[in-house]
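Q: What follows is a single structure, and I will ask about it in a moment.
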Amino acid sequence: MSAPLSPLPDSVAIAVRNVSKEFRRYSVRNQSVKAALFRGSRGTYEDNWVLDDVSLDIPTGSTFGLIGSNGSGKSTLLKCMARILKPNKGSITVNGRLSALIELGAGFHPELSGRENVYLNGAVLGLRRKEIDQRFDRIIDFAGRQVAQAIDQPIKTYSSGMYVRLGFSIAVNVEPEVLLVDEVLAVGDEEFQRRCYQRFEEFSADGRTVVLVSHGLSSVAAMCDQVAWLEGGKLLHVGQPQQVVDAYLTTLDFGRSASVAVSASPGVRLSNIAIEGSQRRNTVTEVGEQVAQLRTGETARLRMSYETDQPHDLPVFAFSIHTLDGTLAANPCTIGVAGPARIETQGTVELEVPSLMLVPGAYTLGAAVFDSSGEHAIDRKLRLVRFEVTGEGQSETRGITALGGHWHGPLFDRP
Amino acid sequence: MSRIAEYVEARELAKALTMRDIRGQYKGSILGWFWSLLNPLTTVAVFTFFFAVLGVPAPVGDPSGLKIFALYLFTGLVPWNFFAMSINGAAGSVVAQSSLVTKVYFPRGIVVLSKIGSVGFTTLMEMSVAVVLLLVAGNMVLPWLPAVVVLVALQGCLALGIGLMLAVANVYFRDVQYLVSIALQVLFYSTPVVYQTSLIEARFGARGLFVYRLNPLVDLIEAYHRVLYDLRWPDFRWLGYVAVWAAVLLVLGGWLFNRFEPRLAEEL
Numbered sequence: 001m002s003a004p005l006s007p008l009p010d011s012v013a014i015a016v017r018n019v020s021k022e023f024r025r026y027s028v029r030n031q032s033v034k035a036a037l038f039r040g041s042r043g044t045y046e047d048n049w050v051l052d053d054v055s056l057d058i059p060t061g062s063t064f065g066l067i068g069s070n071g072s073g074k075s076t077l078l079k080c081m082a083r084i085l086k087p088n089k090g091s092i093t094v095n096g097r098l099s100a101l102i103e104l105g106a107g108f109h110p111e112l113s114g115r116e117n118v119y120l121n122g123a124v125l126g127l128r129r130k131e132i133d134q135r136f137d138r139i140i141d142f143a144g145r146q147v148a149q150a151i152d153q154p155i156k157t158y159s160s161g162m163y164v165r166l167g168f169s170i171a172v173n174v175e176p177e178v179l180l181v182d183e184v185l186a187v188g189d190e191e192f193q194r195r196c197y198q199r200f201e202e203f204s205a206d207g208r209t210v211v212l213v214s215h216g217l218s219s220v221a222a223m224c225d226q227v228a229w230l231e232g233g234k235l236l237h238v239g240q241p242q243q244v245v246d247a248y249l250t251t252l253d254f255g256r257s258a259s260v261a262v263s264a265s266p267g268v269r270l271s272n273i274a275i276e277g278s279q280r281r282n283t284v285t286e287v288g289e290q291v292a293q294l295r296t297g298e299t300a301r302l303r304m305s306y307e308t309d310q311p312h313d314l315p316v317f318a319f320s321i322h323t324l325d326g327t328l329a330a331n332p333c334t335i336g337v338a339g340p341a342r343i344e345t346q347g348t349v350e351l352e353v354p355s356l357m358l359v360p361g362a363y364t365l366g367a368a369v370f371d372s373s374g375e376h377a378i379d380r381k382l383r384l385v386r387f388e389v390t391g392e393g394q395s396e397t398r399g400i401t402a403l404g405g406h407w408h409g410p411l412f413d414r415p
Numbered sequence: 001m002s003r004i005a006e007y008v009e010a011r012e013l014a015k016a017l018t019m020r021d022i023r024g025q026y027k028g029s030i031l032g033w034f035w036s037l038l039n040p041l042t043t044v045a046v047f048t049f050f051f052a053v054l055g056v057p058a059p060v061g062d063p064s065g066l067k068i069f070a071l072y073l074f075t076g077l078v079p080w081n082f083f084a085m086s087i088n089g090a091a092g093s094v095v096a097q098s099s100l101v102t103k104v105y106f107p108r109g110i111v112v113l114s115k116i117g118s119v120g121f122t123t124l125m126e127m128s129v130a131v132v133l134l135l136v137a138g139n140m141v142l143p144w145l146p147a148v149v150v151l152v153a154l155q156g157c158l159a160l161g162i163g164l165m166l167a168v169a170n171v172y173f174r175d176v177q178y179l180v181s182i183a184l185q186v187l188f189y190s191t192p193v194v195y196q197t198s199l200i201e202a203r204f205g206a207r208g209l210f211v212y213r214l215n216p217l218v219d220l221i222e223a224y225h226r227v228l229y230d231l232r233w234p235d236f237r238w239l240g241y242v243a244v245w246a247a248v249l250l251v252l253g254g255w256l257f258n259r260f261e262p263r264l265a266e267e268l
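If you're matching them up, the sequences are chains A and B in order.
Numbering-wise, the numbering used here puts 397 at position 397 of the first sequence, and it's gapless, one number per residue.
Numbering-wise, the numbering used here puts 14 at position 14 of the second sequence, and it's gapless, one number per residue.
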């Protein structure tokens with residue numbers, strides 16, 4: 001199937017060479033003999049390059065991240081590495097045994113017991129029966145007590161959490177030399193996720209290679225040794241995780257693409273969500289957008305307007321400030337504050353922040369209004385407005401919060 | 001060659017998927033395994049009843065002297081079911097396993113192989129019942145069982161060749177599966193499952209019989225009748241003809257499948 005290639009040096013786990021992959025995007029698809037005969041064709045499609053001349057080396061023993069927006073080709077590249085898809089051009093060579101975690105519990109049969117499914121999924125992942133025998137106790141142990149107790153029950157009786165834990169547990173206990181992971185970590189409770197990450201760390205400590213496709217940028221930055229950024233099927237950048245992630249983040253247009261607007265019940269609508277500093281400065285982003293620019297420690301005003309068809313008693317208003325990778329930085333709200341007793345028609349809510357203690361960087365502002373319980377959102381607009389914080393002469397540049405304290409000690413006390 | 005090595009490498013997976021099919025099939029049903037026998041038994045009962053009503057005499061086994069219509073039907077139906085179910089199952093196999101095919105790499109032919117394997121297991125069960133019934137009726141079939149094994153193997157190759165082609169075709173055109181069911185119905189009546197080939201000869205003459213026998217299934221099913229019901233050797237020249245069909249279809253099917261295999265995951 002693959003052309004003979006010169007053997008890879010041991011330092012490279014996966015070599016991707018000039019890989020291009022094209023998908024047919026059908027506008028008309030005749031997926032039955034009847035339709036194909038009547039219309040005289042199988043359909044009309046245009047060729048669509050999902051991967052365009054991608055080359056990279058993934059070093060043995062490293063944890064390697066692939067990032068990029070939806071449709072950038074990162075999952076396609078992973079599937080090509082896993083041999084599920086075959087590139088139209090170029091080649092991919094893998095050093096050592098490879099296991100791909102693209103779907104947890106691939107091949108699970110709902111009527112069969114957990115035990116039978118462990119053997120089934122193990123075989124799907126390329127293990128021999130004897131090898132599964134050796135790993136069985138470890139697999140069950142890792143999957144947790146709940147799964148262990150139900151191991152002889154049909155898997156259709158498992159909760160989705162148990163299903164995922166068992167699937168993951170089998171996959172990581174295959175102990176491949178190269179493990180490909182596609183975003184499956186987004187499932188499971190926090191405790192289980194923590195153990196998964198821990199397991200990946202053990203993997204790389206053992207000199208195994210992990211390739212990770214993820215949307216969780218902070219985890220990629222924290223876990224990976226190297227990150228590759230794909231956009232539109234092209235490889236844009238490979239390098240140090242923090243650098244690549246930062247470069248990627250600056251291009252994200254949160255103002256449009258990621259705003260989440262939920263207008264649930266008829267009632268209050270929010271608009272004119274804005275933040276401004278005492279200087280009212282603006283700056284223009286790479287994508288030509290006007291955004292507010294503030295300084296760390298500056299007085300800031302956060303504002304939202306509301307409009308309502310019917311009166312609401314004791315509404316709760318809230319602002320939210322997120323970092324670009326989605327971490328909530330602040331979430332001030334009117335619970336416990338003397339908020340308005342009743343709102344009718346329209347009005348404006350403003351929050352004055354005496355000193356905005358955010359470290360320099362880019363943030364997004366959102367707003368929400370809740371019913372009197374504070375639990376049910378009437379309108380919510382998350383990550384709607386982008387703004388920037390600068391900090392000339394600011395000593396605190398990392399993390400989210402600038403504490404702005406005063407240092408004391410012999411060296412500081414000089415007049 | 002490396003492809004064959006890959007299939008040898010993946011034999012554990014083939015076994016696991018076959019076992020999954022076999023184990024999963026009747027789990028959760030009250031009658032369990034009995035279901036797989038109920039189908040041919042019902043067909044046998046229906047045909048026996050109608051032929052009795054119509055006054056059609058039961059074929060006489062030569063040289064066995066057996067004269068039980070139900071057993072004649074059973075010895076034809078078991079191999080027919082093997083053929084029909086494996087073709088039907090194989091045609092839909094890749095589409096049915098699309099979640100596996102799009103998420104994990106393995107030689108895709110395994111899916112077709114394991115489907116035929118699990119149908120083969122059902123056939124084994126049915127065949128055991130047939131053998132017991134034949135023994136009870138006084139037909140000493142035990143010395144003939146090695147011949148049955150050869151026939152089943154030959155039939156398996158035939159089914160695999162056709163199955164590989166249909167499995168690919170069904171990925172591109174999802175109604176292939178329905179066309180297959182219709183084709184199988186026609187084939188059922190153009191194959192001596194419920195009647196004897198002598199009927200064709202009597203009606204259409206020697207030339208008619210020759211044309212009739214061009215369908216490789218005719219002599220395949222006929223061979224089962226002869227070995228199990230009549231207790232005599234099949235017509236080896238015509239069986240050789242069947243073997244040529246099986247070999248050609250297997251090579252053709254394998255080549256076609258291999259050619260389309262890399263695209264299967266994205267076409268699903």
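Just so you know, even glycine gets a beta-carbon here, dropped at the ideal spot from N, CA and C.
Buried or exposed: Tyr45 of chain A, going by 16 or more other Cβ atoms within 10 Å of its Cβ?
A: Locating residue 45 of chain A in the first sequence gives position 45, counting from the first residue. Counting Cβ neighbours within 10 Å, Tyr45 of chain A comes out exposed, since fewer than 16 surround it.
Q: Leaving out five residues before and five after Ile275 of chain A in sequence, what residues of the same chain have Cβ atoms less than 8 angstroms from its Cβ?
A: Position 275 of the first sequence holds residue 275 of chain A. These residues qualify, in order along the chain: Ala292, Leu294, Ala300, Arg301, Leu302, Arg303, Leu365, Val385, Phe387.
Q: Using a Cβ-Cβ distance under 7 angstroms, would Phe34 of chain B count as near chain A?
A: Counted from its first residue, the second sequence places residue 34 of chain B at position 34. Answer no: the Cβ-Cβ gap between Phe34 of chain B and chain A never drops below 7 angstroms.
Q: Which residues of chain A have a Cβ atom closer than 8 angstroms to the Cβ of Tyr105 of chain B, listed in chain order?
A: Counted from its first residue, the second sequence places residue 105 of chain B at position 105. Going along chain A in sequence order, the residues near Tyr105 of chain B (Cβ under 8 angstroms) are Ala82, Arg83, Ile84, Ala100.
Q: Taking the straight line between their C-alpha atoms, what separation do you get for Thr397 of chain A and Trp407 of chain A?
A: Residue mapping note: residue 397 of chain A aligns to position 397 of the first sequence, counting from 1. Residue mapping note: residue 407 of chain A aligns to position 407 of the first sequence, counting from 1. Near 16 angstroms, if we compare the C-alpha coordinates of Trp407 of chain A and Thr397 of chain A.
Q: Over what stretch of residues does the beta strand (DSSP E) that includes Gln346 of chain A continue unbroken?
A: Residue 346 of chain A sits at position 346 when you count from the first residue of the first sequence. That run of the beta strand (DSSP E) goes 346-353.
Q: Would you mind telling me which residues of chain A sit closer than 7 angstroms to Glu266 of chain B, beta carbon to beta carbon, in chain order?
A: In the second sequence, the residue the question calls residue 266 of chain B occupies position 266. Neighbours of Glu266 of chain B on chain A, chain order: Phe23, Leu85.
Q: Output yes or no for whether 7 angstroms exceeds the beta carbon distance between Glu298 of chain A and Ser278 of chain A.
A: Locating residue 298 of chain A in the first sequence gives position 298, counting from the first residue. Locating residue 278 of chain A in the first sequence gives position 278, counting from the first residue. Contact: yes.
Q: Quick one: which chain A residues come within Cβ less than 8 angstroms of Arg174 of chain B?
A: Here the question's residue 174 of chain B lines up with position 174 in the second sequence. Within 8 angstroms Cβ-Cβ: Gln31, Ser32.
Q: Counting Cβ pairs, one atom from each stretch, are 3 or more of them under 8 angstroms apart for the stretch 173-186 of chain B and the stretch 34-50 of chain B?
A: Short answer: they don't touch.
Q: When you compare only the Cα positions, how much space is there between Ile400 of chain A and Val244 of chain A?
A: If you number the first sequence from 1, residue 400 of chain A lands on position 400. If you number the first sequence from 1, residue 244 of chain A lands on position 244. Distance between the alpha carbons of Ile400 of chain A and Val244 of chain A: 19 angstroms.
Q: Tell me, please, whether the stretch 4-11 of chain B touches the stretch 350-358 of chain A by the rule of three or more beta-carbon pairs shorter than 8 angstroms.
A: With the cut-off at 8 angstroms, the stretch 4-11 of chain B and the stretch 350-358 of chain A do not touch.
Q: What residues in its chain sit with their C-beta under 6 angstroms from that of Leu230 of chain A, if we drop five residues either side in the sequence?
A: Indexing the first sequence from 1 puts residue 230 of chain A at position 230. So the list reads Gly68, Ser72, Gly73, Lys74, once near-sequence residues are dropped.
Q: Could you check how far apart the C-beta atoms of Gly114 of chain A and Ile151 of chain A are, in whole angstroms? I think they sit under 8 angstroms.
A: The count along the first sequence starts at 1 and reaches residue 114 of chain A at position 114. The count along the first sequence starts at 1 and reaches residue 151 of chain A at position 151. The pair is a contact, with the Cβ atoms about 4 angstroms apart (cut-off 8 angstroms).
Q: Using a Cβ-Cβ cutoff of 8 angstroms, what residues of the stretch 36-62 of chain A are near chain B? List them in chain order.
A: Listed by position along the chain: Ala36, Arg42.
Q: Just how far apart, CA to CA, sit Tyr105 of chain B and Trp255 of chain B?
A: Your numbering for residue 105 of chain B matches position 105 in the second sequence. Your numbering for residue 255 of chain B matches position 255 in the second sequence. Straight-line Cα distance between these residues: approximately 19 angstroms.
Q: Measure from the C-beta of Leu13 of chain B to each C-beta in chain A and report whether the shortest distance is under 7 angstroms.
A: Working through the second sequence from its first residue, we reach residue 13 of chain B at position 13. It does: the Cβ of Leu13 of chain B has a partner Cβ on chain A nearer than 7 angstroms.
Q: Are the C-beta of Val210 of chain A and some C-beta of chain B separated by less than 7 angstroms?
A: Taking the first sequence and counting its residues from 1, the one referred to as residue 210 of chain A is at position 210. No, because no Cβ of chain B sits closer than 7 angstroms to the Cβ of Val210 of chain A.
Q: With three or more beta-carbon pairs closer than 8 angstroms as the criterion, would you say the stretch 18-30 of chain A touches the stretch 51-66 of chain A?
A: At 8 angstroms Cβ cutoff, the stretches touch.
Q: Got a sec: which bits of the stretch 94-123 of chain B sit with their beta carbon under 9 angstroms from any beta carbon on chain D, in order along the chain?
A: Among the protein chains of the structure shown, namely A and B, there is no chain D.
Q: Here's a check: name, in chain order, each residue in its chain whose Cβ is nearer than 6 angstroms to the Cβ of Gly144 of chain A, leaving out the five neighbours to either side.
A: What you label residue 144 of chain A is simply residue 144 of the first sequence in a count that begins at 1. Arg165, listed in sequence order.
Q: Can we say the stretch 47-63 of chain B touches the stretch 141-151 of chain B, given the rule of at least three CB pairs closer than 8 angstroms?
A: Verdict: no, contact absent.
Q: Taking only three categories from DSSP, how would you classify Ile400 of chain A?
A: Within the first sequence, the letter at position 400 stands for residue 400 of chain A. In the structure shown, Ile400 of chain A sits in coil (DSSP, three-state: anything other than H, G, I, E or B).
Q: Under 8 angstroms by Cβ, that's how I've got Val337 of chain A and Tyr306 of chain A pegged, so tell me the actual separation to the nearest angstrom.
A: As a first step, residue 337 of chain A is located in the first sequence; it is residue number 337 there, counting from the start. As a first step, residue 306 of chain A is located in the first sequence; it is residue number 306 there, counting from the start. That pair is no contact at about 16 angstroms.
Q: Which of helix, strand or coil does DSSP assign to Arg11 of chain B?
A: In the second sequence, counting from the first residue as 1, residue 11 of chain B sits at position 11. The answer is helix: DSSP assigns Arg11 of chain B an H, G or I state.
Q: Determine the burial state of Phe108 of chain A: buried for a count of at least 16 other Cβ atoms within 10 Å of its Cβ, exposed for fewer.
A: On the first sequence, residue 108 of chain A is found 108 positions in, with the first residue counted as 1. So Phe108 of chain A ends up on the buried side.
Q: Do Lys115 of chain B and Gly156 of chain B come within 7 angstroms of each other at the CB atom, strictly closer than that value?
A: Taking the second sequence and counting its residues from 1, one reaches residue 156 of chain B at position 156. Taking the second sequence and counting its residues from 1, one reaches residue 115 of chain B at position 115. The answer is no: Cβ separation not under 7 angstroms.
Q: My output table needs one value for Asp230 of chain B: the three-state DSSP class, helix, strand or coil.
A: Locating residue 230 of chain B in the second sequence gives position 230, where the first residue counts as 1. Here Asp230 of chain B sits in helix by DSSP.
Q: Hey, out of A:Asp379, A:Leu212, A:Ile335, whose CA is closest to Ser373 of chain A's CA?
A: Taking the first sequence and counting its residues from 1, the one referred to as residue 373 of chain A is at position 373. Residue A:Ile335 is the option with its Cα nearest to Ser373 of chain A.
Q: Comparing the C-beta of Gly24 of chain B with each C-beta of chain A, is any distance below 7 angstroms?
A: Numbered from its first residue, the second sequence carries residue 24 of chain B at position 24. Closer than 7 angstroms: yes.
Q: What's the call for Pro87 of chain A, buried or exposed, on a 16-neighbour Cβ count within 10 Å?
A: Locating residue 87 of chain A in the first sequence gives position 87, where the first residue counts as 1. Buried, since its Cβ has 16 or more Cβ neighbours within 10 Å.
Q: Rounded to whole angstroms, what's the CA-CA distance from Ala174 of chain B to Gln31 of chain A? Just pull it up for me.
A: Looking up residue 174 of chain B in the second sequence gives position 174. Looking up residue 31 of chain A in the first sequence gives position 31. The question names Ala, but residue 174 of chain B is Arg in the sequence shown. Distance between the alpha carbons of Arg174 of chain B and Gln31 of chain A: 6 angstroms.
Q: Less than 6 angstroms between the CB of Pro241 of chain A and some heavy atom of the ligand PLP, yes or no?
A: The ligand PLP is not part of this structure, which contains no ligands at all.
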